[in-house]
Amino acid sequence: MAAFMRPYSTHTYALLRIITGLLFMSHGLQKVLGMFGGAPAAAPPFVVYGAGGIELVAGALIAIGLFTRWAAFIASGEMAVAYWMAHGTNAFHPIVNKGELAVVYCFVFLFIAAHGSGIWSVDAGRGEV
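Going by this note's numbering, the sequence shown opens with residue 299, and the numbers climb by one from there.
Now the structure itself:
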């Protein structure tokens, strides 16, 4: 990492975790509560309530940093499944099949699951980073 950013690495990681968690939670709010335009009309109930529930709860847990590793691991798995259900069968490359967001979420959450909650988290307050 560039020397000028080294002192801020823990802070930028915390911002990555918080913002990614909030954005993921927004997808759950859209599906489950109909916010931000609501869920697509053709979405089956298991997507609305199953995936939407995971997105809502895991996103909130990741954002506040509570049970972060488990929440991120489950969210990563959900995004892998979502990619192959909705995008991967249409074309090979994520740019072509419009699945790049699912891929990015999948791997960011996998990184968060491996790295832990870091600073500015409930887990840190509980002594579990």
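Even glycine gets a Cβ: it sits at the ideal position worked out from N, Cα and C.
Three-state class that DSSP yields for residue i in the structure shown
{"i": "R424", "result": "coil"}
{"i": "I417", "result": "coil"}
{"i": "M383", "result": "helix"}
{"i": "K329", "result": "helix"}
{"i": "G323", "result": "As written in the sequence, residue 323 is Met, which differs from the Gly given in the question. Helix at M323."}
{"i": "F302", "result": "coil"}
{"i": "N395", "result": "helix"}
{"i": "P342", "result": "coil"}
{"i": "G375", "result": "helix"}
{"i": "L335", "result": "At residue 335 the sequence reads Gly, which differs from the Leu that was named. Reduced to three states, the DSSP call for G335 is coil."}
{"i": "G350", "result": "helix"}
{"i": "G363", "result": "coil"}
{"i": "F411", "result": "Position check: residue 411 holds Ala in this sequence, whereas Phe was assumed. Here A411 sits in helix by DSSP."}
Residue i vs residue j beta-carbon contact at 9 Å
{"i": "I352", "j": "G319", "result": "no"}
{"i": "M383", "j": "V401", "result": "no"}
{"i": "K323", "j": "L354", "result": "A small correction: the amino acid at residue 323 is Met; Lys does not occupy that position in the sequence shown. Cβ distance < 9 Å, so M323 and L354 count as in contact."}
{"i": "A339", "j": "V330", "result": "no"}
{"i": "Y381", "j": "G397", "result": "yes"}
{"i": "Y418", "j": "A312", "result": "Note that residue 418 corresponds to Trp in the displayed sequence, not to Tyr. Yes, these two residues count as a Cβ contact at 9 Å."}
7 Å Cβ shell around residue i - same chain, five flanking residues per side excluded
{"i": "V427", "result": "G414, S415, G416, D421"}
Sequence-distant residues of the same chain with beta carbon closer than 6 Å to residue i, five excluded per side
{"i": "I362", "result": "V420"}
{"i": "G350", "result": "G326, K329, V330"}
{"i": "P392", "result": "E398, V401"}
{"i": "M303", "result": "none"}
Residue-chain proximity (residue i, chain B), Cβ-Cβ < 9 Å
{"i": "G319", "result": "The question asks about chain B, but that chain is absent: this structure has only one protein chain."}
Beta-carbon proximity list for residue i, same chain, < 8 Å, skipping 5 on both sides
{"i": "F405", "result": "S374"}
{"i": "A428", "result": "Not covered by the structure: residue 428. The range shown for the chain is 299 to 427."}
For the 8 Å Cβ check, are there 3 or more pairs between the stretch 411 to 419 and the stretch 364 to 381? In short, these stretches touch, since the Cβ pair count reaches three.
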